[in-house]
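Here the sequence shown is numbered in the working numbering, starting from 537 and rising by one per residue. Working notes for the structure below.
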Amino acid sequence: MDYPNHALSLREWLDHLQRTERLAVAKPGLSLRHEIAGIANRMDGRKATLFPKAGGMSTVVSGIVSDRNWMAEALGIAPGELVSRFGKASAEPVAWKEVSKAPCQEVVHRDVDILKQMPVPTHNEHDSGAYITAGILVSRDPESGIQNVTIHRCQISGPNRIGVLLLPRHTHHYYRKAEKAGKPLEIAIAIGVEPACLLASQAIVPIDHDELEIAGALKGAPLDVVKCVTNDVRIPADAEIVLEGRILPKTREPEGPFGEFPQYYGERAERHVIEIDAITHRRDPLFHTIVGGGLEHLLLGAIPREATILAAMRASFPDVKDVHLALGGVGRYHLYVKLDKTQEGQGKNVLLAAFAAHYDIKHAVVVDMDVDIHNPREVEWAVATRFQADRDLVVISDSQGSKLDPSTDGGVGAKMGLDATIPLHSPEMKYKRIRVPGEENIDLDAVLDPQARVTF
Ligand code: MN
Numbered sequence: 537m538d539y540p541n542h543a544l545s546l547r548e549w550l551d552h553l554q555r556t557e558r559l560a561v562a563k564p565g566l567s568l569r570h571e572i573a574g575i576a577n578r579m580d581g582r583k584a585t586l587f588p589k590a591g592g593m594s595t596v597v598s599g600i601v602s603d604r605n606w607m608a609e610a611l612g613i614a615p616g617e618l619v620s621r622f623g624k625a626s627a628e629p630v631a632w633k634e635v636s637k638a639p640c641q642e643v644v645h646r647d648v649d650i651l652k653q654m655p656v657p658t659h660n661e662h663d664s665g666a667y668i669t670a671g672i673l674v675s676r677d678p679e680s681g682i683q684n685v686t687i688h689r690c691q692i693s694g695p696n697r698i699g700v701l702l703l704p705r706h707t708h709h710y711y712r713k714a715e716k717a718g719k720p721l722e723i724a725i726a727i728g729v730e731p732a733c734l735l736a737s738q739a740i741v742p743i744d745h746d747e748l749e750i751a752g753a754l755k756g757a758p759l760d761v762v763k764c765v766t767n768d769v770r771i772p773a774d775a776e777i778v779l780e781g782r783i784l785p786k787t788r789e790p791e792g793p794f795g796e797f798p799q800y801y802g803e804r805a806e807r808h809v810i811e812i813d814a815i816t817h818r819r820d821p822l823f824h825t826i827v828g829g830g831l832e833h834l835l836l837g838a839i840p841r842e843a844t845i846l847a848a849m850r851a852s853f854p855d856v857k858d859v860h861l862a863l864g865g866v867g868r869y870h871l872y873v874k875l876d877k878t879q880e881g882q883g884k885n886v887l888l889a890a891f892a893a894h895y896d897i898k899h900a901v902v903v904d905m906d907v908d909i910h911n912p913r914e915v916e917w918a919v920a921t922r923f924q925a926d927r928d929l930v931v932i933s934d935s936q937g938s939k940l941d942p943s944t945d946g947g948v949g950a951k952m953g954l955d956a957t958i959p960l961h962s963p964e965m966k967y968k969r970i971r972v973p974g975e976e977n978i979d980l981d982a983v984l985d986p987q988a989r990v991t992f
């Protein structure tokens, strides 16, 4: 089967999924309220979904990168190299290239009525309403003009009004600068962007690193961007739909609840407000939606974090060879670490480095080189057979964790580390893993007879 040798555009990737039987196309005109999310969830991780004339409007797609290997494939990267390539792209960004004519501006609406102009679905049972969930929000530092790119959940609150959750990170920092000057912060929300942009938007890099340059590095070529029609923000020229607007100063309105990645609802609260000035789009735009808590949501967060966490841990412990944020830990809370152990006690130091690498990490397990950290059953086996709780367990109380973990006290909670590595100087046979010699080299087609029938 043909494996891409370069990063694909959104439409190239959807075409590739279709040709390889991984795109499920729904009947036209399904409901935006719960029906699309329900079908996308049922197909999650098996096939991407495409909904023609969703809600009687244009096409919706979902689950387009709901598998770790698909993510690599969409970028033309070998599956095992995704994290290392992402780390390299974050460290060596490639500047974007500005173009004057862009597909995302084929149609321009200056009279904005979001829900009449695009098919925005409502996903989970108690969501407050329709949300844009796969739009990359691009903002500009009002002083330096440097851009920031990330995904925020966007509640449609009125014809040209969006309620947005800004965590205290980079968009919020730019916003505070603008608000102090009594000004709105110019932004744009690009929906239907290529996989490289989606993944790059989730990079954990310092402020004033334009994530669109990481997308360029992932692609191995500058990303084409275009200036918005109503402000100075530069957006991916190939996007399907763009909402241009401003985060209003000194304005807060209710947003939420909304079904989030830990499979619980983010609460309703007073949050920031975006006013939309224009909507631009392609002639037949595709609206991408990410269903909260689905594999696409978890993986988009997990893979860039793995790259950052691995780099941070290796700075102190070069013997750390790989890390994995397990899906059962919602791609954020459970970290598995592969260690080429050289010193006794090293496992526990490595656990402390894991908790220091990102505050979301709640439970960490360190294992030896022979354990496949991408297979939860293998990690559980290592804990079952190499770990003793009174000797190998580390617990740290009252530390900073995830506010979206409902078992914490407002984000303050405990860390648990499990050192499941074997002691360095164990007798050889004590921890020797059993194996059948030659098992992996047997050609099953040569030795099994599919026609054979036995009478019992
Ligand atoms: Mn940033």
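Virtual Cβ for every residue (Gly too), placed ideally from N, Cα, C.
Helix, strand or coil: how does DSSP classify residue i here?
i	result
C690	strand
T766	coil
N660	coil
I839	helix
D979	coil
R927	helix
A848	helix
L871	strand
F891	helix
D551	helix
E806	strand
N696	coil
S935	strand
I897	coil
R676	strand
I909	coil
With hydrogens ignored, establish whether the beta-carbon of residue i is closer than 6 Å to any heavy atom of ligand 1.
i	result
H688	no
N684	yes
H709	no
H808	no
H894	no
H860	no
Y645	Note that residue 645 corresponds to His in the displayed sequence, not to Tyr. H645: no, Cβ never under 6 Å from ligand 1.
H870	no
H899	no
H706	yes
By Cβ distance, which residues of its chain are closer than 7 Å to residue i, with the 5 residues on each side in sequence left out?
i	result
D768	R676 and E722
H910	H860
P785	A714, E715, G718, K719 and P720
Q653	H645 and I815
R558	K583 and A584
Alpha carbon to alpha carbon, how far is residue j from residue i? Give it in angstroms, no decimals.
i	j	result
D820	E803	35 Å
S943	I727	33 Å
R868	G837	7 Å
A773	A610	19 Å
R807	G681	25 Å
S938	I978	47 Å
D904	A956	8 Å
E628	F622	10 Å
L546	C733	10 Å
F923	F853	21 Å
G599	Q641	25 Å
E776	G829	24 Å
G792	I698	11 Å
V983	E975	12 Å
P963	T921	15 Å
Skipping 5 residues on each side, what residues in its chain have a beta carbon closer than 6 Å to that of residue i?
i	result
P678	K713 and A714
T595	P588 and L822
Y711	L721 and I783
M849	V856, A889 and A893
S935	K951
V762	V635, A638 and A773
H542	G612
L779	I725, I812 and I815
G953	L887, A900 and V930
State yes or no: is the beta carbon of residue i nearer than 7 Å to at least one beta carbon in chain D?
i	result
A576	Among the chains in the structure shown there is no chain D, since it carries only a single protein chain.
Can you find the residues in the same chain that come closer than 8 Å, C-beta to C-beta, to residue i, ignoring five residues on each side of it along the sequence?
i	result
G865	L871, K898 and H899
D941	P798, Y869, K898, G947 and G949
L651	A666, I692 and P695
V809	S693, R697, I698, G699, V700, I783, L784, T787, R788 and E789
Could you tell me whether the region 590-598 touches the region 556-568, where touching means 3 or more Cβ pairs closer than 8 Å? yes
Counting pairs of beta carbons, one from the region 871-882 and one from the region 921-936, are three or more of them closer than 8 Å? no
On the three-pair Cβ rule with 8 Å, is the region 654-667 touching the region 629-639? Cβ pair count under 8 Å is below three, so no.
Closer than 8 Å is the cut-off here; do at least three beta carbon pairs connect the region 882-893 with the region 913-924? no
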